[in-house]
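In the UniProt record's numbering, the protein residues as written are 1 to 391. In this text, a Cβ means the ideal position worked out from N, Cα and C, and glycines have one as well. All values reported here derive from a predicted model rather than from experimental measurement.
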Amino acid sequence: MTVSEDKRRVALRPFYAQTRFLLLALVGLIVFSYGWKVTEIKPGELVRGAAMVKPLVNELLRPDLIRHETQTEFSESVFLLDGPGASFHKPSDTKREDARLSLTPTNGAVGDTVTVSGRGWGSETTGSLLWINSIEQEFPLGSFTTSVDGTFEATIRVPETARGLEQTLRASISRETGEWSLSPTVKLVAEKMLETIFLALMATGFATVVAAPLSFLAAKNLMWNRVPGKAVYLAVRTTFNILRSIEPLILAILFAVWVGIGPFAGVLALSLHSIATLGKLFSEQIETIDPGPVEALLATGANPLQVALYAVWPQVSAPFLALAFYRWDINVRMSTIIGFVGGGGIGFLLQQWINLLQYSQAGTALLAISATVIFLDVASAWVRQRMELKS
Numbered sequence: 001m002t003v004s005e006d007k008r009r010v011a012l013r014p015f016y017a018q019t020r021f022l023l024l025a026l027v028g029l030i031v032f033s034y035g036w037k038v039t040e041i042k043p044g045e046l047v048r049g050a051a052m053v054k055p056l057v058n059e060l061l062r063p064d065l066i067r068h069e070t071q072t073e074f075s076e077s078v079f080l081l082d083g084p085g086a087s088f089h090k091p092s093d094t095k096r097e098d099a100r101l102s103l104t105p106t107n108g109a110v111g112d113t114v115t116v117s118g119r120g121w122g123s124e125t126t127g128s129l130l131w132i133n134s135i136e137q138e139f140p141l142g143s144f145t146t147s148v149d150g151t152f153e154a155t156i157r158v159p160e161t162a163r164g165l166e167q168t169l170r171a172s173i174s175r176e177t178g179e180w181s182l183s184p185t186v187k188l189v190a191e192k193m194l195e196t197i198f199l200a201l202m203a204t205g206f207a208t209v210v211a212a213p214l215s216f217l218a219a220k221n222l223m224w225n226r227v228p229g230k231a232v233y234l235a236v237r238t239t240f241n242i243l244r245s246i247e248p249l250i251l252a253i254l255f256a257v258w259v260g261i262g263p264f265a266g267v268l269a270l271s272l273h274s275i276a277t278l279g280k281l282f283s284e285q286i287e288t289i290d291p292g293p294v295e296a297l298l299a300t301g302a303n304p305l306q307v308a309l310y311a312v313w314p315q316v317s318a319p320f321l322a323l324a325f326y327r328w329d330i331n332v333r334m335s336t337i338i339g340f341v342g343g344g345g346i347g348f349l350l351q352q353w354i355n356l357l358q359y360s361q362a363g364t365a366l367l368a369i370s371a372t373v374i375f376l377d378v379a380s381a382w383v384r385q386r387m388e389l390k391s
């Protein structure tokens, strides 16, 4: 058998029977097995933990969008605190005593038992009791249900939150009026979502203004011809790479400490990261231009600024705008995450609701984020398509 016949026979073997494929498959299997171990993948936990996550998912899938308008009536009664937690000041002259609510006794220490009696309330209705200390801190004490004649009696203990001499016990009943309206959550989410959109818009605007001129210095076809140009090119490119390697989340933490928690910290964090990202994208766009107009202007003795304005900019202006709009879309999504570390916007609100286990309100925020991202994604694709057609 000749050498050529051996080669022909090897070539005819199926790919999965070749030695190279078997070796690559073995290496891939080893890498995958090690990765499985390192990342501690346990599929069984998905089944065992399903019951724990079910209530959370149910709340997220029931966003707080609309609710009945309610009418609340309440009565208050004063309780004077004895002991170390009491103030030495006299109680205020304005008494909030209400004939419908009485306490027995009307003074005592933390931990004492107090009987709360009410009359003149609606028949067979349910209300709530709230303890309010002298610095307006509120502590829920539970609920009560009135009898047929509109009276109730409940026993409570003076809570640990009691501070100062004069305390207030408030009994309240809320009734649905039958009219539907947008929930306060929707109004708050709409306000914060608008803040998030403009946070991303301002960051993208600042970044575009800075990144556009810097991108000319980071374009190899414009800067690599001379030694000074090479140095500038390497310096700008290196700066872009360093800034791009730092996550916006880390930058948001830095600026939240620097300028305080709020949307300004988010704008600064996204601006800095977007300058590096857009600068790289813009420079790569410049590197793909038609060199003909550049060479023609250089032949006439034009200076670098004239070349950039009249030979380069007309070719890249439309792609620059498309990339900037696409970056705005990305920044809206990023601003949700940086809000968790004090960067403002809807993310800051979402973090508070998750920490307070208010998943229905968190579901409203997630719904607004999804709708906004989908809209911006479609709009961004349409704008980029129009820009590409013009270019």
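With 16 other Cβ atoms within 10 Å as the buried cut-off, status of residue i
i, result
"residue 34", "exposed"
"residue 328", "buried"
"residue 379", "exposed"
"residue 170", "buried"
"residue 182", "exposed"
"residue 204", "buried"
"residue 306", "exposed"
"residue 184", "exposed"
"residue 200", "buried"
"residue 109", "exposed"
"residue 385", "exposed"
"residue 257", "exposed"
"residue 215", "buried"
Bridge partners - residue i, DSSP secondary structure assignment
i, result
"residue 140", "130"
"residue 78", "168"
"residue 152", "118"
"residue 71", "175"
"residue 48", "BP columns for residue 48 are empty, so no partner."
"residue 66", "182"
"residue 479", "Absent from the structure is residue 479, since the part of the chain shown begins at 1 and ends at 391."
Cβ separation of residue i and residue j, assumed to be a contact under 8 Å, to the nearest whole Å
i, j, result
"residue 60", "residue 366", "7 Å"
"residue 285", "residue 320", "7 Å"
"residue 244", "residue 276", "4 Å"
"residue 239", "residue 335", "Not a contact, Cβ separation roughly 24 Å."
"residue 217", "residue 232", "5 Å"
"residue 392", "residue 158", "Residue 392 is absent from the model: the chain starts at 1 and stops at 391."
Short Cβ contact (8 Å threshold) for residue i with residue j
i, j, result
"residue 155", "residue 78", "no"
"residue 219", "residue 274", "no"
"residue 125", "residue 139", "no"
"residue 81", "residue 165", "yes"
"residue 163", "residue 135", "yes"
"residue 266", "residue 338", "yes"
"residue 332", "residue 376", "yes"
"residue 346", "residue 186", "no"
"residue 70", "residue 151", "no"
"residue 130", "residue 116", "no"
"residue 315", "residue 64", "no"
"residue 122", "residue 172", "no"
"residue 174", "residue 72", "yes"
Three-state secondary structure assigned by DSSP to residue i
i, result
"residue 363", "helix"
"residue 173", "strand"
"residue 260", "coil"
"residue 104", "strand"
"residue 277", "helix"
"residue 208", "helix"
"residue 145", "strand"
"residue 42", "coil"
"residue 382", "helix"
"residue 253", "helix"
"residue 237", "helix"
"residue 336", "helix"
"residue 215", "helix"
"residue 92", "The predicted position of residue 92 is uncertain, since its pLDDT is 42 and thus under 50; a value taken from the coordinates is nonetheless stated next. Three-state result, residue 92: coil."
"residue 266", "helix"
"residue 25", "helix"
"residue 302", "coil"
"residue 244", "helix"
"residue 372", "helix"
Min CB distance residue i to chain D below 8 Å
i, result
"residue 138", "Absent from the structure: chain D. Only one protein chain is present."
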